[in-house]
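To convert a position in the sequence shown, counted from 1, into the numbering used here, add 68. Take a look at the structure set out below.
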Amino acid sequence: MPKPSRTVLALIAAGLVAATAGSALAADAKVLNIYNWSDYIADDTIKAFEKETGIKVRYDNYDNNEILQAKLVAGKTGYDIVVPSAHFAKTQIAGGLFQKLDRSKLTNWGNLDPALLEKLAAVDPGNQYLVDWLWGYVTVGINTGKVKSALGAMPLPANPWDLIFKPEYAAKLKGCGINLLDSASEVLPVAMIYAGKEPYSKTAKDYDAAKEVLSKARPYVTRFSSSGYINDLAAGQLCVVMGYSGDINIARQRALDTKSGHDIKALVPDTGATLFFDTMAIPKDAPNAANAHAFINYILRPEVHAALTNKVFYANPNAASKKFVKKEVAENPTIFLSPTDLKKLTSPDAVPQDLRRVQTRLFTSFKANTK
């Protein structure tokens, strides 16, 4: 048999090196980078996904849409899945920041509630880019004992937002702590509702009414937090919060678990509040899009989606998950809202970039307590 030439041997060696390198790259690709809200996942979701797939997950947190927006606009985030709220995602889709979903890889898509898909289609026509993670609403949470003690003979107002925005109440509650979300896009729509304006108004002049509402409340706001308020409400260090419905219920559960004696309650304002839908999306430059699809499909399993709801007390969009949701969670009227309460809430909407800047300037001035 003729011996192979040195050239042939060199080519074979090069091929082996290339194959080895390819294997190494394939191994490196068994990763997934997720950027999600804090306190927004079940204890074993990531661990179970890693065990089943062999994909190693890097899981980072943020606590408001503005932080995520800044990262996405800057580009090259390194993340494969992000979880924007729908009213932010609408402009992010228009800006080309996400890639379209490959529906052929999402075999559990049929578990999603068609009614919620229709709502989401208002910001994502054809449901091409977004998959609902969980949903809830911005509302008032209270420590019932501390509020009653601070108000004395004053009864709770018919409109829970008065506890924050009406000086007669807020002045009495400042001493036990009032928290607002640290997010212009969450606070401004609520202030607009309180002022009798459309929460996502496209008219800049309308925001003067929100500015007036906020300026009256500012002397009594003791903290701005979009995540830390959970533990502080549970521990009795705050008595009134503008917060996310599920977070307030997390605080309630933590108070029960620690036997602190604090009774935490989420309220549903008759006068209105804002709904939100937090969604999974794949950034345009995601390095591991296939793994992202695998994770999204995993979340869409009924028992996995139900586990999120059971842990963080937000409703999920998975119609098939209901039988896996704990009875006490499913029957909590501040998590799964009645049709009557749901009608009180405003669906999310995007505002143009110029009005987002108006919101940001107004909120920054409000926090700094400047005119």
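Ideal Cβ placement from N, Cα and C applies to all residues, glycine included. Computed from a predicted model, the values in this text were never measured in an experiment.
CA-to-CA distance, residue j to residue i, given in whole angstroms
i	j	result
S91	N356	Confidence at S91 is low in this model, with a pLDDT of 41, below 50, so the placement of that residue should be treated as unreliable; the coordinate-derived value is given next. Near 16 Å, if we compare the C-alpha coordinates of N356 and S91.
A362	D192	21 Å
R425	D409	32 Å
P235	S283	10 Å
P385	V199	9 Å
V215	S293	20 Å
L248	E254	9 Å
P223	L335	15 Å
Y382	N179	17 Å
A375	P152	20 Å
D276	G143	34 Å
W177	L368	7 Å
I318	W203	15 Å
V380	K265	31 Å
E399	S406	10 Å
D230	A285	10 Å
N104	Y127	7 Å
I161	L169	12 Å
R291	S415	27 Å
D107	S295	8 Å
H373	S389	6 Å
N101	I149	7 Å
L256	T342	11 Å
L136	Y130	7 Å
A302	K119	33 Å
K435	G213	28 Å
E280	A263	9 Å
A157	Y268	15 Å
A94	A110	Model confidence at A94 stands at a pLDDT of 44, short of 50, so the residue's coordinates are unreliable; what they give is reported in the following sentence. Straight-line Cα distance between these residues: approximately 29 Å.
A387	V206	23 Å
V125	V258	36 Å
N211	G243	13 Å
T330	A97	Looking at the sequence shown, residue 330 is not Thr but His. Cα-Cα distance, rounded: 47 Å.
Coarse secondary structure for residue i, derived from DSSP in three states
i	result
V208	strand
F434	helix
G340	coil
T75	For T75, the predicted model reports a pLDDT of 45, less than 50, meaning its position is unreliable; a value from the coordinates is still stated below. If DSSP states are grouped into helix, strand and coil, T75 belongs with the helices.
L231	helix
L180	strand
G213	helix
S269	coil
M260	helix
A189	coil
V281	helix
K242	helix
A25	Residue 25 falls outside the range modelled here, since the chain spans only 69 to 439, and no answer is possible.
V255	helix
V397	helix
T175	coil
A221	coil
K296	The sequence as given places Gly at residue 296; Lys does not occur at that position. Residue state, collapsed to three classes: coil.
Paired residues, beta bridge with residue i - DSSP
i	result
R291	N247
D200	T347
A383	W203
F166	P351
Integer Cβ distance of residue i from residue j, believed to fall under 8 Å
i	j	result
Y197	A360	Rounded, the Cβ-Cβ distance is 12 Å, inconsistent with contact.
Y297	G311	6 Å
T402	N227	Actually they are not in contact, since the Cβ atoms of T402 and N227 sit about 17 Å apart, beyond 8 Å.
F344	E371	So it is not a contact: roughly 24 Å between Cβ atoms.
G209	V309	5 Å
L430	A272	Between A272 and L430 the Cβ distance is about 10 Å, and since that is not below 8 Å, they are no contact.
K173	N365	6 Å
Q427	T159	13 Å between Cβ atoms; not a contact.
L188	A154	6 Å
A221	C307	With a Cβ gap of about 17 Å, A221 and C307 do not count as contacting.
Q167	A354	7 Å
G245	Q305	6 Å
K352	G194	Going by Cβ atoms, the distance from K352 to G194 rounds to 18 Å, so no, they are not a contact pair.
I123	V141	That belief does not hold up - the Cβ atoms of I123 and V141 are roughly 28 Å apart, past 8 Å.
D250	N132	6 Å
K240	P337	Wrong, their Cβ atoms sit about 19 Å apart, outside the cutoff.
Proximity test, residue i beta-carbon vs the ligand COA heavy atom, cut-off 7 Å
i	result
V191	Here there are no bound small molecules, and the ligand COA is not part of this structure.
With a floor of 4 residues, list each alpha helix (DSSP H) that falls wholly inside the region 85-156, ordered by position along the chain.
113-121, 133-142
Threshold first: 4 residues or longer. Then list the alpha helix (DSSP H) segments lying entirely within the region 301-381, N to C. 313-325, 357-367, 370-380
Exercise for review: Can you check the region 399-429 for any alpha helix (DSSP H) of at least 4 residues that lies completely inside it and give the ranges in chain order?
Suggested key: 407-410
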